[in-house]
Structure formats: structure tokens, C-alpha cells
């Protein structure tokens, strides 16, 4: 391929290049810092990410760059903002968290930055090869981060399970990509639809590619029955990483899921909607039912995140502009409400030394009235109760499904929401209706400012997205318009 | 249908393979004699003397001895791997010669037919040699492991660690040569060094000598010769990975080692010393094959000379040389080579 | 004709050795079978007119990666510690499910057909195979290529970060 047709456009890779450069400079800086000063890397990374944020939110119009590999459209810009915000919150909480678990290292911070770079590559990938290397960059970072608490066997277990199953899912995804390539002769996402569209609709060879690709993505978003790694990895990972995996990794995986299935495979919709329909329904029901008996709140949130993945899948099944925009909006809201919930779990761990189990929340309303109220807000938002952001997100997705005449799927979505209310409300019940049993441990001093900042910002955003969704939804709709044909 | 030309080609190729294999098989016999003689003279003694004049029949006596020795397989060894390990060590050493040219073409004086002095004019020859040559190490690793003996296992482990450490530096050196000659094809590499000795890669100043030094040190380590023969360090490991071997299986390992030494000598000549090109244009009346053989013999002698001159390194020193000196040096050298070629 | 004949030989050996990798009990034997499998893949690359990839496959996977594998297996002394069963009787249903999946996938792959156009490079261009690979890598695939370099760096840093922590003073 001659250089002239490559369309070398450095602007289109500027955000991810900047994040990668930031990570590399933190790696170098790490050599010069003493053991106690590693937090500086965390703060510098946050500042760097905040500088990249306005650049990343800027969409570059024009053809895909670098031989059709990368595209920096409004769609990827939207997701890039989610990744950066989630990473900023997670890093901010991490500084104090790492001090608490006594394993302050510089590597942690820049591996998080590498993960963000990987997610950005995913969201901007316009080619299955670029998409795959993006997935690997992100996933590899998360395998390492999950196993980061080396002294805890749960962390190693989670990391190992995540790694083995993640590698397996990558294999399945690659298998799907190679079938797609064998049929269409291209890995370029926008060309696949053109080359494989008409003739391939009934060719089982191409369908195999679609099915295997879907299975690969389903692993990454932790949809039933590809979810088994999620609870163990969530429980084992350092809690800020858990938050980042549940938000960033999920958002990035949905970004590629959306782009591939909307841009590359729309011709096969008559086949894959059944598959994704079943996947979505099973995931919603499984996630919300299994979350009920969980005693560990992080495992509960893990199953809740599985259920949420099922709800978000509805938006892809619908295959219309409203559905895709709903997915994006849902992921934005999910970023704030889930991060808020995890921040409170960490906050309790900091001030009381517990908070891992649901029973730890008994009597919280009297000890920490504000925090208890905000926790209730996040949980109700996760459950989808108005006037929070979670309600609007579910509303957009379900209305898109109804618009596309998937009444049963929408109904299952509502039922699963009702089931999920049970376990979310249980925590609220513990906080407000139960008194603490026995001696509650004494408060361990004032926690870092980070917790307050993150909790209040995420709470404010959760409410804002519930009360005034129009501008955000408009951005999302504009972003998906060029993708839907 | 296969044409007559094709059939002739196949017959010629088969003959060439047979001849080459015979030569390589026989090669260790004179080499062992030579090595012991050189050792003797360096250490001011006579070396083999009793069998034949100047001990020249000694290798035949050794071969007969090895053939008739009992082939012992240890009781607790992994039988299958133990038996095939010597073959795994030996086959790649031979397979490498598929890509090694011994000259360009050769005109047979009486009938006037031209014969190509190579089996295959491979486009990725340099890479092929590195790849296949690297497989010999499995014979040593698996032989060491299958013996179920701690000396052998340690020898095998050392072998694998050493191999990985030095393979990187050697491949960098080959990349340097490829950059200088602009091809992976060995014939092209030799052709690019034609003319006089000034165009040899060795004299591409300042990077040529450095590449050669890296290649030489790395190769000596890869073929497990002193001063890097830690995997068969008789002082500490009795004799390393082949401690439990005897008879013919033992001699296969030795065969592989000698062939590897010849290969490395040939590669040094091809990569750095102009192959079969004469050093001065006016000397080109001497046939190329003679120049080639002469240069190769010099390197074979050089390796034997080194063996009886230098002491053995310690294991940590070996690792340090590999990772902390050779690899950074080759990275810097690649940069300089690249800048010079712009 | 000839090529198909060789392809089926290499493919069969590759699959059989791959099955052996996961079914033999001794990790060293598994590694040896994996080497065999990787060599067959290299041979298939040769049939596909890609000698550079074949040599790189042998050089990197067989020559370097598998040596490291064997090194790790021997250092950890897994050779004698045979794997224990931890499947709790799930192997029978798993085998049935995997068999059904395999049959389904095979059916779909056989019933469909590939329609991709043959490669854009003709035999003449492929004589310069190394150059073709190099050009593709540094023009069309330059972006993934650079990302891969970041991945490798990350893998290096990550492995060290996980393993070396305990040893710090």
C-alpha cells in the first residue's frame, strides 16, 4: 500500500498517543521517586488525563486514518470521555487505597494508563486487527491489575481466572475474525458490510464468523454464560480496579460490540438478533437472580454488573439509532453510579475497616447519614428508580426495544429490574432499618479528601443525568447517526 | 507430467544431499584428531601418537570403540525422549546445510558442466539458519531432562538459559549483516561483499568489527564451547547434559557439536569475510572454493585455539555478558548502522 | 495436487499433536508435542508461499518461546508432579457439550463456503516475500504494529511488577 493512500493523520490517534506517552513518562519518572512518594505518579497521571480529556472529546471528521485502521469520530470521542473520567476517579481513589493495603508502587498507576490507552484503541478501531490489539492491551493491563494484591490469594485466583478465560475468549474472537476474513477478504469494519453484505446473509461460513465474534465480545462484557470470570476477578482485584473493570472494560467492549455489529454485520441482523436476544434475556435474569443470595457486596455488585450487561445488550438487539444511543447513555450513567457505589464501599473500608459484607451496612444511617443517603441514591439508580440517571438510561433502552417491536425482551428487562430491586433494596434496608450488631469498630480517623470528592461528584452526575438527560442524549444520538445506515 | 529437466534436477539434488551428508558425517573424524593435536601442541605435549603415524588413525579407533560400547539407558529415564534426544540434537545441525552455500557455481573441469554449490537458494536463508540451528538445543534440554539425573538436568537447564540469552545477540548481529548487505539471501550477502577485502562486512567501519565480535562471542556460547561450555562443565556437572549417555548416542551429541562449530565458521566467513571472494582482485585466479575453504579452516582452527587458551567463565558472568553487554551493545550498534545507511 | 497432499499431512499431524498436548499427563511431553504442532504450522506457512513467516515461526515460537516453557517446567519440577483431577465429575457432560459444539461448528463451516478473493500478490511478487511482509507491516498495519509494541512493553512491566514485589527490601 503506497504511503499516499494511507491517510496518515496523527490527529486521529492523538488522544491514545498522548495517554500512552503519559504512561511511558510515568514509567520513567518511577525510577526517580523514592518508595514513599509513589502517590505523586498517581496525581500526575490524573492531571495528565484531565489535560487529555478536552482533546479526546474532540471528534475529527474525515476518512479513517492509517490505512483505514483508526477512526476518531464522535462515537469514539464519547467513549473516550467515559474511559478518562472512570480512570481519573479510579486513580484518585487508588492513591489512598494503595496506602491502606500497603502496596504502593508506581507500576499500578501507569498500568492503569496503559489500560485506558487500550480502551481508546478499541473505541476508535475501524479494523478488526486494530480492535483485537486494543482488546489485548486493555485486557493484559487488567490481568496484571487484578492480581496486583500479591499477598492475597483471592487476588491471584481472580487474576488467574480472568487471564485464562480472557485468553480463551481472545482465541474465540480471533477465530470469528478469521472466518469473517475468509468470507469477506477484509478486516476493515466498514468494508465488511460492503463485501460480505448481500451474498453472505445465508452463508453459514460467514455466520460462523458472526457467532464466534459475538461469543468473544460476550466474554468481555461478562454476559451469561460467559460470565464466570467476573465475580472472582471483581472480588480479587483491588477495589478501584474492580470499579474500572466494571465501567471501563465494559464500556470499551460495548463500544466495539456496537461498532462491529452495527457497521459490519447489519446484513446478518435477521440471524444474530435471535442470538443476542437470548443472550440478553438470559444475562438479565441470571445476573439479577444470582445477585440475591450474595453476602459480599462486591460479588453482589459483580452480579449486578452482569445483569446490567444484559440490559445494555437490548440496545444492540434493537439495532436502531435510539438503541445505540441508549447504550452509550446507559454506559455514561453506569460509569457514575457504579463508581459512586464502589467509592462508598472503599470509604467504609477506610473509616471502619469493613464494608465488604452486606451486614456491615447495618445502622449506617445513624453513623454516616450523608454517606448512607448517597449510597441509597446510587443503589436506587442502579436499580433504575426515578428520578435518578439509572431510570432514564433504562427508559431509553427499553423504549428503543419497544420501538423496534421487541416487546418480550422489553418485558424481560422490566422483570429483571424488578428482581434486582430486591437485592439493591436489601442494602438500603440494612442501612436504614437495622441497628449495628455488637460493638462497631471505632472510626479510624478522617479519610482522604478523594473519597468525598469522588462520591459527591458521581452523586451529582447521577442526579443530573436523571433530571436533565437531553443534552447528553443528543450528543449520543448525533454520534451514532453516521454509524446507522 | 514431470519433465526430463525436473527429473534430472531431482536426481542431481539427491546426489548433492547424499554427498554433503557423507562429508558432514565424516567431518568430525579429522576434526577430533586435529583438536587433540592442537591441544597437545599448545600444552607442549605430543597429543595422539600411538595409532598410526602421528596418531592419525586415532579417530577410527575411537569410532570403533564407540560403536561397540554398550548403549546404556538409565532405569528411571524417560525412555522415549532419552532415545530420540541425540537425534533431535543432530538433525538440525545437518538440516542447516540445506541453506548454506559453499560457493556460487563450479565448473567441472573435464565435462564442462556447471554445478551449483548450494542445495537451495533460499530467500530467507539467514533466518532459516538461525531458526533451524536453534533447534539443536532441544536435544540437549530433553536429553538432560530425560536422563533423570541431577547433573544432566542442570546441564540441560544451563543450556536453555544460555541459548535464550545469546540467541538474541546473535540474531541482532545477523540483522546487522542483513542491514549492511540488504538481503536475507546468503548468496546475495556474499555477492554484496565482492571486489576487494575493503568491501567485506567485517571492514564496514565502525560497526562491522563490533557486529563480528558480537556474532563470534554469541556463537561460541550457542555452540557450547569453551569459554562458555557451562552446560557440560566437567568440574561441577561431571559432564552436563550427556552425563548418562554412552556409545553411539553419546557420539551423536559430539557429532552435532562439531558440525555446529563448522557451521559457525562457515557463517562467519559468509557474513563477515566475503565468503568465497578473493581479498584482492588480482588474486581471483585462485578458485573461489579454495578461498572459502581456507577461510573456514582458519576459523575452525581459531575455535580450537580459543578452547585451549581461555579459562571457563562462571555462570553469573556468562549471563552478565549476554544480557548486560552484548544485547545493549547490539541495540546501540543497530542504531548506528541504521544511521550510517541513511 | 502435491501441495494439497502435503497440506493434509501437515494439518493432520498438527491436529493430532495439538490433541496430544492437552491429553498427555507429563508437562514435558506436552511441551514436546506443542513444538511438533508449531513446526507443522510453520510448514503450512511454507506451502502458503510465506517462507519468512515460516522461519519467523520456527525462530520465535519453537526456538525461543518453547525453550522458555521447558525451562519453566523443569525449574518448577512439574515433570514429576502429574496433574491432579479437579473436575468433580464434570468431564463427561463437558465432553458431550464440546462434542455437540464441535459437530455444529464443523457442519456450519462445511456447509458454507469461502468467497474471499485470492491474495492480491502473485507468485512473482512473493519471491520477495520478506519485502512484502515488511512493507505491509510498516504501511497498512503500522498502527496495530505500534500498539503491539506497547503491549509487549506492558507485558514485560506487568510480569516484573507481579513477581518482583515480594523481594523488595
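Residue numbers (this note's numbering), protein chains in the order written: chain Z, 11 to 495; chain E, 606 to 947; chain S, 5 to 173.
The beta-carbon is built from N, C-alpha and C at its ideal position, and this holds for glycine as well.
Exposure label - residue 298/Z; buried when at least 16 CB within 10 Å: Here residue 298/Z is taken as the residue at index 288 of the first chain, counted from 1. Its Cβ being crowded by 16 or more others within 10 Å, residue 298/Z is buried.
May I ask which residues mark the beginning and end of the alpha helix (DSSP H) holding residue 167/Z? Along the first chain, one-based indexing puts residue 167/Z at 157. Note, residue 167/Z: alpha helix (DSSP H), 163-194.
Chain S within 9 Å of residue 733/E, Cβ atoms only: Your numbering for residue 733/E matches position 128 in the second chain. Between residue 733/E and chain S, the shortest Cβ-Cβ separation is below 9 Å.
Rounded to whole angstroms, what's the CA-CA distance from residue 771/E to residue 41/S? Just pull it up for me. Looking up residue 771/E in the second chain gives position 166. Looking up residue 41/S in the third chain gives position 37. Computed Cα separation, rounded: 25 Å.
In the DSSP assignment, find the alpha helix (DSSP H) that holds residue 40/S and state where it starts and stops. What you label residue 40/S is simply residue 36 of the third chain in a count that begins at 1. Here the alpha helix (DSSP H) through residue 40/S covers 31-51.
Using C-beta distances below 6 Å, list every residue in its chain close to residue 953/E, excluding the 5 sequence neighbours before and after it, in chain order. Here chain E covers residues 606 to 947 and nothing more, so residue 953/E does not appear.
So, is the C-beta of residue 766/E closer than 9 Å to a C-beta in chain S? If you number the second chain from 1, residue 766/E lands on position 161. It does; some Cβ of chain S falls within 9 Å.
If we ignore side chains and look at the alpha-carbon of each, how far apart do residue 809/E and residue 903/E end up? Locating residue 809/E in the second chain gives position 204, counting from the first residue. Locating residue 903/E in the second chain gives position 298, counting from the first residue. The straight-line gap from Cα to Cα measures roughly 21 Å.
Amino acids of chain S, ordered along the chain, whose beta-carbon sits closer than 9 Å to that of residue 43/Z: Counted from its first residue, the first chain places residue 43/Z at position 33. Taking a Cβ-Cβ cut-off of 9 Å, residue 43/Z has no neighbours in chain S, whose nearest Cβ is about 14 Å from it.
Mark residue 418/Z as exposed unless 16 or more other C-beta atoms lie within 10 angstroms of its C-beta, in which case mark it buried. On the first chain, position 408 is the one that residue 418/Z refers to. The residue is exposed, with fewer than 16 neighbouring Cβ atoms inside 10 Å.
What number of angstroms, rounded off, separates the C-alpha of residue 123/Z from the C-alpha of residue 162/Z? In the first chain, counting from the first residue as 1, residue 123/Z sits at position 113. In the first chain, counting from the first residue as 1, residue 162/Z sits at position 152. Taking the straight line joining both Cα atoms gives about 24 Å.
Of the residues 485/Z, 470/Z, 404/Z, 322/Z, the one placed nearest residue 496/Z, counting alpha carbons only: The structure shown does not extend to residue 496/Z, since chain Z spans only 11 to 495, so no value can be given for it.
Please determine, among 665/E, 935/E, 634/E, 884/E, the residue with the shortest C-alpha to C-alpha distance to residue 863/E. If you number the second chain from 1, residue 863/E lands on position 258. The shortest Cα separation from residue 863/E among 665/E, 935/E, 634/E, 884/E belongs to 634/E.
Does the beta-carbon distance from residue 147/Z to residue 155/S come in below 9 Å? On the first chain, residue 147/Z is found 137 positions in, with the first residue counted as 1. On the third chain, residue 155/S is found 151 positions in, with the first residue counted as 1. The beta carbons of residue 147/Z and residue 155/S sit closer together than 9 Å.
Which one or two residues does DSSP pair with residue 8/Z in a beta bridge? No answer is possible for residue 8/Z: the residues shown for chain Z start at 11 and end at 495.
Pick from 135/Z, 428/Z, 333/Z, 49/Z: whose alpha carbon is nearest that of residue 413/Z? Locating residue 413/Z in the first chain gives position 403, where the first residue counts as 1. That would be 333/Z, whose Cα lies nearest to the Cα of residue 413/Z.
Within the same chain, show all residues whose beta-carbon is closer than 6 Å to that of residue 374/Z, passing over the 5 residues directly before and after it, in chain order. Numbered from 1 along the first chain, position 364 holds the residue referred to as residue 374/Z. Cβ within range, chain order: 382, 441.
Counting Cβ pairs closer than 8 Å, one from the stretch 133-148 of chain S and one from the stretch 104-118 of chain Z, do we hit at least three? Too few Cβ pairs lie closer than 8 Å, so no.
Could you tell me which residues DSSP pairs with residue 721/E in its beta bridges? Here the question's residue 721/E lines up with position 116 in the second chain. In DSSP, residue 721/E forms a bridge with 710/E.
Supposed close pair residue 878/E, residue 805/E - CB separation, criterion 8 Å: What you label residue 878/E is simply residue 273 of the second chain in a count that begins at 1. What you label residue 805/E is simply residue 200 of the second chain in a count that begins at 1. Right, the Cβ-Cβ distance comes to about 6 Å (below 8 Å), so this counts as a contact.
Chain E contacts from the stretch 44-62 of chain S (Cβ-Cβ distance under 9 Å): Those residues of the stretch 44-62 of chain S that come within reach of chain E (Cβ to Cβ, closer than 9 Å) are 46, 55, 56, 58, 59, 60, 61, 62.
Residue 683/E: first and last residue of the uninterrupted alpha helix (DSSP H) it sits in: Residue numbering aside, residue 683/E sits at position 78 when the second chain is read from its first letter. Residue 683/E: not part of any alpha helix (DSSP H); DSSP gives it neither H nor E.
What is the residue span of the alpha helix (DSSP H) that residue 325/Z lies within? Start at 1 with the first residue of the first chain, and residue 325/Z comes out as number 315. Taken as a continuous stretch (DSSP letters only), the alpha helix (DSSP H) holding residue 325/Z covers 307-328.
Identify the continuous alpha helix (DSSP H) that holds residue 846/E and give its terminal residues. Locating residue 846/E in the second chain gives position 241, where the first residue counts as 1. Element bounds for residue 846/E: n/a, residue is neither H nor E.
Taking the C-alpha atoms as reference points, what is the distance between residue 642/E and residue 139/S? Taking the first residue of the second chain as 1, we reach residue 642/E at position 37. Taking the first residue of the third chain as 1, we reach residue 139/S at position 135. Across the structure, residue 642/E and residue 139/S are spaced so that their CA atoms are roughly 52 Å apart.
According to DSSP, simplified to helix, strand and coil, what is residue 137/Z? Along the first chain, one-based indexing puts residue 137/Z at 127. Strand at residue 137/Z.
Contact list for residue 737/E against chain S, beta-carbon separation under 8 Å: In the second chain, residue 737/E corresponds to position 132, counting from 1. Residues of chain S whose Cβ lies closer than 8 Å to the Cβ of residue 737/E are, in chain order, 62.
Contact criterion: CB-CB distance below 9 Å. Does residue 75/S meet it with respect to chain E? Translated into the one-based positions of the third chain, residue 75/S becomes position 71. Interface annotation, residue 75/S: in contact with chain E, CB-CB separation under 9 Å.
Opposing strand residues paired with residue 357/Z [DSSP bridges]: Translated into the one-based positions of the first chain, residue 357/Z becomes position 347. Looking at the DSSP assignment, residue 357/Z forms no beta bridge with any residue, so it has no partner.
Pair within 9 Å by beta-carbon distance, residue 199/Z and residue 270/Z: Start at 1 with the first residue of the first chain, and residue 199/Z comes out as number 189. Start at 1 with the first residue of the first chain, and residue 270/Z comes out as number 260. Taking 9 Å as the Cβ cut-off, residue 199/Z and residue 270/Z qualify as a contacting pair.
Would the stretch 340-351 of chain Z count as touching the stretch 274-284 of chain Z if we require 3 or more Cβ pairs under 8 Å? They do not touch, by the three-pair rule.
Give a yes or no on whether the minimum CB-CB distance between residue 141/S and chain E is below 9 Å. On the third chain, residue 141/S is found 137 positions in, with the first residue counted as 1. Residue 141/S does not count as touching chain E.
is_contact[residue 39/S, chain E] using C-beta, thresh 9 Å: What you label residue 39/S is simply residue 35 of the third chain in a count that begins at 1. Yes, residue 39/S counts as interfacial toward chain E.
Assuming residue 637/E contacts residue 664/E (C-beta within less than 8 Å), just tell me the rounded distance between them. As a working note, residue 637/E is residue 32 in the second chain. As a working note, residue 664/E is residue 59 in the second chain. Rounded, the Cβ-Cβ distance is 5 Å, consistent with contact.
Residue 75/Z - DSSP class collapsed to helix/strand/coil: Walking along the first chain from the start, residue 75/Z turns up at place 65. Three-state DSSP puts residue 75/Z in a strand.
Going residue by residue through the stretch 631-711 of chain E, where are the continuous alpha helix (DSSP H) segments of at least 4 residues, counting only ones entirely within it? Counting only runs of 4 or more, we get 633-647, 663-673, 684-700.
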